[in-house]
Structures are given as structure tokens and as C-alpha cells.
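Student: Structure in C-alpha cells, see below.
Below, the structure written as C-alpha cells:
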């Protein structure tokens, strides 16, 4: 429906007092004949030289009273529009504070908000921390210093700013406004100026709890209307809200930082715990080995596997000193390059070095530092006859009995980058102690028994601790599972939980046809309006209250779930048929029929419900959720009831939609889309000035289809852009053979094209490839191209205009912000929507007249759409519109109809 005009546009403009006096003199005989005089005194009228007759005096009083009322009404409307503008800015600031934008993006958006309230092209925000006297320039944007960033500002403490305007605002907590000389006069002394000299400067304090926490400054370098006291008050008011938004964003970022830090700490704790558990399991296995009947080789092979769970152990050997203390025996030797040496001297070598020192030895021969350390020890002669060879890392630990070594346990690596650490040394040392205990088992049975008793005691304590940890972990897992499967706001099961239960219900129905169930898909009405107007806190509280009411409306075995946003679902088990689900839907609708008190506000909402009954055709939860969703949208469009049961008709409609989507994709490949042309004519003599290219689909089975039959689907599945380019190419190809001098073709462009930065360049390149003059092609866009992407859309229109391609704003008067687009963008034409032309009532004629007047004031061409009879043509000519199109002149026709030969 058409958006309402601005209230100020509906109020007549009061006449200047001089013009009002002239109108009175012309209307009143006594003044016209000179029997008395009416003179202008400032902004009022004064009678001189006589009095007016009663009737004329009453007429004059009425005229003056009407003029005064118009002045008052205009002022009131201006104040109201200003208030609305400020309110909109505050909402925007609040939304930014709660958004996911980072600080830089939020500050840029805040700059745009301030720019919407006053001249704010040059702006900076400075914050002060009294406890450290630090000053942070959080944001800095200046046209005279475009390369200076906030982080580049040289001031780090408040004292660095002493003598400047900014320091004065921080120090006094009061705003400063005016040109530099004026501010110096206000302060009573010349101030220190930093940066380019401004023509007008306005700075306000940003207060929190009565303290100055920051300064917000705008300034102008060009001659323009000066900042006013109202601008100062407004900036101060907005500044406090911006400070709140900044503190909220910083608190949010600090919270995220702490959460991330705590997450890392917990991750490290979990990793340490897991390593401890693995180590404990290894200890269990070693303890079992000590009591096993394995032979020596099998014992050490199992020990090698255990060690391999913590460090590389492919190369692993054990050396034991013999009874003489002069030789090593190797009961186990696993190596990639060497074979078991049997018996060797225990005087020199790396293994002997560990044995004689009775301490671990770790060396990394893969690095220069490690090799140098090895060579320092080798220089003492301890390694005589030993060379590093291919070894990259070597770790040996002694096997000790009562503090004295009786053997060595060794692991080594031949792979570059695969080295041992101090933690590996500690772990292997501990394992070596266990191995030593096992080896001396037969020599000291009693000592081994005591050691085993002590080990069992320690294991028992550790086992109890582990059991307690496992219990805690199980509770945590249950809590995490509940959090994963439930909505954090309402406590209801979430979409994942619903899918699990729905999948089980579908499988149960497939096994037992009598196990019928139903799914209700619910969407709240007006929730976005409530959320946007009353705030997210009210919206969240409303969702919690709605969840409670839904839960009280269902039967015991039924499950209520929140799917996300304002979408809910109810899974009904054991239903006899659709009637059970309908009765529940009616109860749910009734539960939301009355007002709700939410956080001190009275709000009204409703619910639209789609019902899907369990059926053998459903194989997955997604299929049933989709059908219930389709039924819900049909219910939302219904005017007489708020629920709908999914039936075969809806199923057929969904299948038809899928078929249409498939046909669209094949139609693009087969190039079945073509432009049909409707002439744009001069209304006075019917001369064809140009044509509008309208999209048609020559469907192989359904014939020629207008956009209404497929446009929504094409937009939804993303194929509309490809169809547009097919139309563009055909229009470019037929233009040279169709157009006479001065004629043109209008092309409709989807709003999505204006969100792509390369559209203008690509469009111009194709135009040049077809050798079509830019003046022969015009582009029509609706305001949807601008919503949310005004900067990119403006850049695209500028690029097209610089190349000579004119742009028309289509369907004018039906959008929300079209008036603002007329002066912001380089538009050439305004097309008045057919809805205003069809009626041509006094009301719509007034709107059409206003649009024509506005367009002419902005030097824009006006085209009226949808002209169907002579009465409308004559009315438009009378209102000053000279160009139009519609069925009065011709319906859209194929290009061949308009070819020069056919004409």
C-alpha cells in the first residue's frame, strides 16, 4: 500500500505577512477604497486611519487567525518531525550497541547516525579515564586530514590537551560552540588550536553519573548554516546515549575476551587431565606387568608399547650391568638400523655415561645447540669411541636399585624434527623406576610385597579420586546435553530435540499405522513490531510468557518446542485424527487472544498455526516441518481463521512450486524469456517517445506468462539476475533496428543488481559491445534497490549517469522513503505508480499533483503509468504531466509488432 506523505507536506505554507496584507486589501472594500489603512509592523498587521465595518473586520480577524494557526501548526509539525528523527537515531544507537559489529564498524555507523541529525562530516570522540589520566581518541574523521586515524592522535593524557577546546569541555563539563574567535571570547582567553582551523566548532561533554567521561565534537570547515543551540542540546542528549552504547560494547568485548581466556584455561586443564588419565592407565598396565608371568622379551616388548603411547619408541633398548660391573647385557634391543650387540664394555659411550652418573641424559642432535652440548660432554672423553651417527634425539634413564644404577633404559629417534622433551625425560624416568622394581622382584620378594601394598593403597586413593571426577563429569555431560537440546531463553526443547522426537514418531508410525501423531507449526503475529518498538527485553519476556501459555494449553504427553525467533512447534502423540490437532490449535489461539502485561507494558499478539498430520509419505523430520510451515503461511494469509491443516491441495501446491523452480532453471538454459514492449507516449498527441521492456516467459506448455506467474519464485531461488541479463542482451540487440532519433527503451533492473559493485561496469560493457548509444537505454529501479544499500546503489547510479544512462524511479509513491531518494540520487525520471492513476479521485489527484510539482521543482521528468481511458489522460494533462503509458495506447506486444517493417 502507498506510504503516507510527510505530515508537513499536507500543511499549506503560510503566506508572508506582506502578501497577507495585500490579500486583505484586495478582499476588503474599506481597505481597497482607502477609508482605512492596513500597515505591516514587523510580523503583524496594524489598522490606521479608521475602522472596518463589522463584517469586514470579522473577515480580517478570521484571515489573521487562520494565518496564526498555520504558523503554529507548521512549528508543531517541525518539532514533531525533529523528535521522531531523534527517536529513530536513539533506536539506531541502541541497536548498534546490541549488534554483533566490532567497535570500528559500530563507530562508523554511529557517525552516520549523527550525520542524519546535523552536519557531522567532521567528527571525533575522545574518552578519558580519570584513574590514569589517559585520553583515548576512539574515533576521528576529518575531511581536512583524511589520512589521520584515531590511533595516530599524539595526545595520550588529558594534560597533553591543556589549552585546547577539547580540554576546556573536559575540564568544565560544559559545551562549547562557535567560530574559534567567538569561543576565545566566551572563554575569556585565547585557546590553543590543534589541526586545521574550523569555521564552526561544537563540542559537548559525554556524562555518566555526573562525571565527564568523554567529549563528542563536530566541526565545519566550510561556510554553512551555523550550529545552533538546538544542535548543541541535541548532540549532548545523543552523546550520553552514545557513551552508554560504547560502554556496553566495551563491556561485551571484555566479557568475550574473558570467556575466551577461560575457555583456553579449561582446555588446558582438560588436556592435562586427559594426559593424567592416560598416564594412570599406563601405570595400571605396568603394575599388571610386574605381576604377570611374561618372559623377559615379552615383558620389554609390552613395555615398549606402553612407552610408545607417550613418546616415539620405535628404537628402544634396555642395558643391564653384569655381576662384575664391567659389561652390559642387552635383554631387549629394537632398532631400525642396529642389531643387538650382545655384551659390550661398560666403560665409555653414551649408555655408560648414564650408568656411571646414575642420572638421565637427554640430547637433541637435530639442532646446532644440542649437537654443541653433546660435543662439550664428548670432549671430556666420556664418549670415547662413540659417534652420533644418524641419531637425531637420544634419551637414556638409569635403572636404580637403592639409589645405585644397575642398568639403562633408552629411546632414540632417527627422524628430523621428532625429538624428546624434558617432560618425556621425567615420564621415562618414572617408568624406569617401575621397571627396576619389576626386575628385582625375585631378589627381594618381601620388599616387592610391601611395594605392591603401598602401590595398591595409592592406586585405591587415585581410583576414588578418579571415580569422583567421573561422577562430576557425568553430571556435567548431562547438564551440557540439556543445554544443547533446550532453548536458553524459554527452557523449552529446541529444534534439535524436536527433530529427534519427530524422527522417532515417524519411525513408530511406519512400524505401527495406529501410532498417529500431529505437528503444529506456530508463528507469532506482530512480534517483530513489538520487538523493534518496545525493545529486545520486552520481546524476550514476551517469548517466555508465550512459552508458558503454550505449555499450559497442551496435553500431558505433548511436547512444546521453540524453533528459533518467534517460531514454536507442538508435537502431539496419540491423536485420533485432525480434529484433535484442530482443538489444540483453537486452545493455543485462545491462550493468546487477550492482552499481556510484559515488563510494565500491555502488548497484544496472536499466532498463526500450520498443522501436519503424521503420514507414511514422511521419511524425515524436515519433510514434515516443511509441510507444517507451508500450512502456517497459508493460515497467516487467511482473514477468517488463524490455523490451517496441510492437505493434498497444499501438497500439490508445494510440488507445483518445486516444478516451477525446475522449469525456471531449464527456461534460462533454453533462453525462453523475452522482452515485450509497451510504448511510452506524449499525452498531448500520442507520439511514441520510447518503450518499456517488460519480461515475458514463453513457456512451452503454458504459453506466454507475465512476471506475476513466476517473479516471486525467481527472486526466492536467486535466478532473477540471470533472467534479467537475458532480457538486457535481447533489448540491446533489437534497439538499433527499432529506435528512431530521440527514442529510447526502459529496462527494469532487479534491486539485487545494485548490491553488486560491478553491475554498472558490466552493463556499460555489454551496451558498448552491441554498439547501442547510452541515450537509447534507460534503467528503471524501485526503491528496493536502495533499502539497506544506499551507498552502493548511489555509486552505481552515479557510474551509469556519468556514462549517459538515465535512471527512473519506478512505482513512485508506494514506498517508505521515496521522497528522500529524489534529491539524494542522480535520478532523471519519476514514474507515478498506476495505483494513483486508476482512481483519479480528488485525494489521489492531489497526491499526483504534489508528485508532479515536486519532480518539476527537482527538474525531474514525470511519467504516469497505467493510463487506461481518456478521462485519466485528460486529467494528467491538466495536472501538468505530459508523458505516460498504459493500455489506452497499447498493451505490451512482442518486439516484432513494433518493428519498422510492421509499423
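Residue numbers (the working numbering): 29 to 931. Note that CB positions come from ideal geometry on N, CA and C, so glycine has one too.
Report buried or exposed for residue 564, applying the criterion of at least 16 other Cβ atoms within 10 angstroms of its Cβ.
Tutor: Within the chain shown, residue 564 is the residue found at index 536, counting from 1. Result: exposed.
Student: Assuming residue 479 contacts residue 465 (C-beta within less than 8 angstroms), just tell me the rounded distance between them.
Tutor: Locating residue 479 in the chain shown gives position 451, counting from the first residue. Locating residue 465 in the chain shown gives position 437, counting from the first residue. The Cβ separation is near 6 angstroms, so the contact holds.
Student: Would you mind sorting residue 349 into buried or exposed? The rule is 16 or more other CB atoms within 10 Å of its CB.
Tutor: As a working mapping, residue 349 is identified with position 321 in the chain shown. Under this definition residue 349 is a buried residue.
Student: Who are the near neighbours of residue 422 in its chain, counting only those whose CB is closer than 6 angstroms to its CB and skipping five residues on each side?
Tutor: Indexing the chain shown from 1 puts residue 422 at position 394. Answer for residue 422: 391, 440, listed in chain order.
Student: Rank 192, 889, 291, 307 by C-alpha distance to the C-alpha of residue 456 and give the top, closest one.
Tutor: The residue given as residue 456 occupies position 428 in the chain shown. The candidate whose alpha carbon is nearest that of residue 456 is 307.
Student: Which first and last residues belong to the alpha helix (DSSP H) in which residue 229 is found?
Tutor: Against the chain shown, residue 229 aligns to sequence position 201. Premise fails: residue 229 lies in the beta strand (DSSP E), 228-236, not in any alpha helix (DSSP H).
Student: Looking at the structure shown, is residue 833 part of a helix, part of a strand, or coil, going by DSSP?
Tutor: As a position in the chain shown, residue 833 is number 805, starting the count at 1. Three-state result, residue 833: coil.
Student: So, helix, strand or coil for residue 559, using DSSP?
Tutor: Within the chain shown, residue 559 is the residue found at index 531, counting from 1. In this structure, residue 559 counts as helix in the three-state DSSP scheme.
Student: Counting beta carbon pairs with one atom in the segment 787-795 and one in the segment 727-743, are three or more of them shorter than 8 angstroms?
Tutor: Touching, no, given that fewer than three Cβ pairs across the two stretches are closer than 8 angstroms.
Student: If you scan the segment 875-917 from start to end, which runs of the beta strand (DSSP E) of 3 or more residues do you find wholly inside it?
Tutor: 889-892
Student: Could you have a look at residue 355 and say whether DSSP puts it in helix, strand or coil?
Tutor: Residue mapping note: residue 355 aligns to position 327 of the chain shown, counting from 1. It is a strand residue.
Student: To the nearest whole angstrom, what separates the beta carbons of residue 826 and residue 854, a pair I think is in contact under 8 angstroms?
Tutor: For the purposes of this step, residue 826 is identified with residue 798 of the chain shown, where counting begins at 1. For the purposes of this step, residue 854 is identified with residue 826 of the chain shown, where counting begins at 1. Yes, they are in contact, since the Cβ atoms of residue 826 and residue 854 sit about 6 angstroms apart, within 8 angstroms.
Student: I'd like to check one pair, residue 603 with residue 546: are the Cβ atoms closer than 8 angstroms?
Tutor: In the chain shown, residue 546 corresponds to position 518, counting from 1. In the chain shown, residue 603 corresponds to position 575, counting from 1. Yes, the pair counts as a contact, with Cβ atoms nearer than the cut-off.
Student: Taking three-plus beta-carbon pairs below 8 angstroms as touching, is the segment 603-619 in contact with the segment 499-511?
Tutor: no
Student: Pull up the CB-CB distance for residue 244 and residue 267, whole angstroms please, since I reckon it's below 8 angstroms.
Tutor: For the purposes of this step, residue 244 is identified with residue 216 of the chain shown, where counting begins at 1. For the purposes of this step, residue 267 is identified with residue 239 of the chain shown, where counting begins at 1. Between residue 244 and residue 267, the beta carbon gap of about 4 angstroms places them in contact (Cβ cut-off 8 angstroms).
Student: Terminal residues of the continuous beta strand (DSSP E) containing residue 808?
Tutor: The residue you call residue 808 lines up with position 780 of the chain shown. 805-809 is the extent of the beta strand (DSSP E) around residue 808.
Student: My understanding is that residue 770 touches residue 802, with C-beta atoms under 8 angstroms, so please give their C-beta distance in whole angstroms.
Tutor: In the chain shown, residue 770 corresponds to position 742, counting from 1. In the chain shown, residue 802 corresponds to position 774, counting from 1. Their Cβ separation, rounded to whole angstroms, is 14 angstroms, which puts residue 770 and residue 802 out of contact at 8 angstroms.
Student: Rounding to the nearest angstrom, what Cα-Cα distance links residue 916 and residue 895 in this structure?
Tutor: As a first step, residue 916 is located in the chain shown; it is residue number 888 there, counting from the start. As a first step, residue 895 is located in the chain shown; it is residue number 867 there, counting from the start. Using only the alpha carbons, I get a separation of about 6 angstroms.
Student: Is residue 193 helix, strand or coil by DSSP?
Tutor: In the chain shown, the residue the question calls residue 193 occupies position 165. Residue 193: helix per DSSP, three-state reduction.
Student: Considering residue 868, what are the terminal residues of the alpha helix (DSSP H) in which it resides?
Tutor: Position 840 of the chain shown, counted from the start, is the residue given in the question as residue 868. Residue 868 -> no alpha helix (DSSP H), and no H or E assigned at all.
Student: Is the distance from the Cβ of residue 707 to the Cβ of residue 755 below 8 angstroms?
Tutor: On the chain shown, residue 707 is found 679 positions in, with the first residue counted as 1. On the chain shown, residue 755 is found 727 positions in, with the first residue counted as 1. Cβ atoms of residue 707 and residue 755: not closer than 8 angstroms.
Student: Between 535, 922, 501, 283, which lies nearest to residue 766 when the distance is taken from Cα to Cα?
Tutor: As a working mapping, residue 766 is identified with position 738 in the chain shown. Residue 766 has its Cα closest to that of 922, out of 535, 922, 501, 283.
Student: Below 8 angstroms CB to CB, which residues in the same chain sit around residue 580 once its five sequence neighbours on both sides are set aside?
Tutor: Numbered from 1 along the chain shown, position 552 holds the residue referred to as residue 580. Within the same chain, residue 580 has close Cβ partners 619.
Student: Rounded to whole angstroms, what is the Cα-Cα separation between residue 791 and residue 890?
Tutor: For the purposes of this step, residue 791 is identified with residue 763 of the chain shown, where counting begins at 1. For the purposes of this step, residue 890 is identified with residue 862 of the chain shown, where counting begins at 1. If you take the alpha carbons of residue 791 and residue 890, they lie about 25 angstroms apart.
Student: I need the straight-line Cα distance from residue 427 to residue 309, nearest angstrom please.
Tutor: As a working mapping, residue 427 is identified with position 399 in the chain shown. As a working mapping, residue 309 is identified with position 281 in the chain shown. Going from the Cα of residue 427 to the Cα of residue 309 covers about 22 angstroms.
Student: How many Å lie between residue 845 and residue 209 at the Cα?
Tutor: Locating residue 845 in the chain shown gives position 817, counting from the first residue. Locating residue 209 in the chain shown gives position 181, counting from the first residue. At residue 845 the pLDDT is 44, less than 50, meaning the model places this residue with poor confidence; the figure from the coordinates comes in the next sentence. Rounded to the nearest angstrom, the two C-alpha atoms are 41 angstroms apart.
Student: Would the segment 162-181 and the segment 288-299 be scored as touching if the rule is three or more Cβ pairs under 8 angstroms?
Tutor: no
Student: Residue 372 lies in the alpha helix (DSSP H); which residues open and close that run?
Tutor: Position 344 of the chain shown, counting from 1, holds the residue named residue 372. That residue, residue 372, is in no alpha helix (DSSP H); its beta strand (DSSP E) goes 371-373.
Student: Can residue 2 and residue 56 be called in contact, C-beta distance under 8 angstroms?
Tutor: Within the shown structure, residues of the chain are numbered from 29 to 931, placing residue 2 beyond reach of any answer.
Student: Just to confirm before moving on: does the CB-CB distance between residue 723 and residue 696 stay below 8 angstroms?
Tutor: As a first step, residue 723 is located in the chain shown; it is residue number 695 there, counting from the start. As a first step, residue 696 is located in the chain shown; it is residue number 668 there, counting from the start. Contact flag unset, no.
Student: Taking 8 angstroms as the cut-off, does the segment 233-241 touch the segment 131-144 (at least 3 CB pairs, one atom from each stretch)?
Tutor: no
Student: Does the Cβ-Cβ distance between residue 198 and residue 246 come in under 8 angstroms?
Tutor: Position 170 of the chain shown, counted from the first residue, corresponds to residue 198. Position 218 of the chain shown, counted from the first residue, corresponds to residue 246. No, they are not a contact pair.
Student: Between residue 810 and residue 836, which are expected to be in contact by the criterion C-beta below 8 angstroms, what is the C-beta distance as a whole number of angstroms?
Tutor: The residue given as residue 810 occupies position 782 in the chain shown. The residue given as residue 836 occupies position 808 in the chain shown. Rounded, the Cβ-Cβ distance is 10 angstroms, inconsistent with contact.
Student: Which residues mark the beginning and the end of the beta strand (DSSP E) in which residue 79 is found?
Tutor: On the chain shown, residue 79 is found 51 positions in, with the first residue counted as 1. No beta strand (DSSP E) holds residue 79; DSSP gives it neither H nor E.
Student: Could you give the first and the last residue of the continuous beta strand (DSSP E) run that contains residue 466?
Tutor: As a first step, residue 466 must be located in the chain shown, where it is residue number 438. It is not in any beta strand (DSSP E) - residue 466 instead sits in the alpha helix (DSSP H) that spans 450-467.
Student: In whole angstroms, what is the alpha-carbon distance linking residue 471 and residue 365?
Tutor: The sequence position of residue 471 within the chain shown is 443, counting from 1. The sequence position of residue 365 within the chain shown is 337, counting from 1. Bear in mind that the predicted position of residue 471 carries a pLDDT of just 42, short of 50, making it too unreliable to give a figure here.
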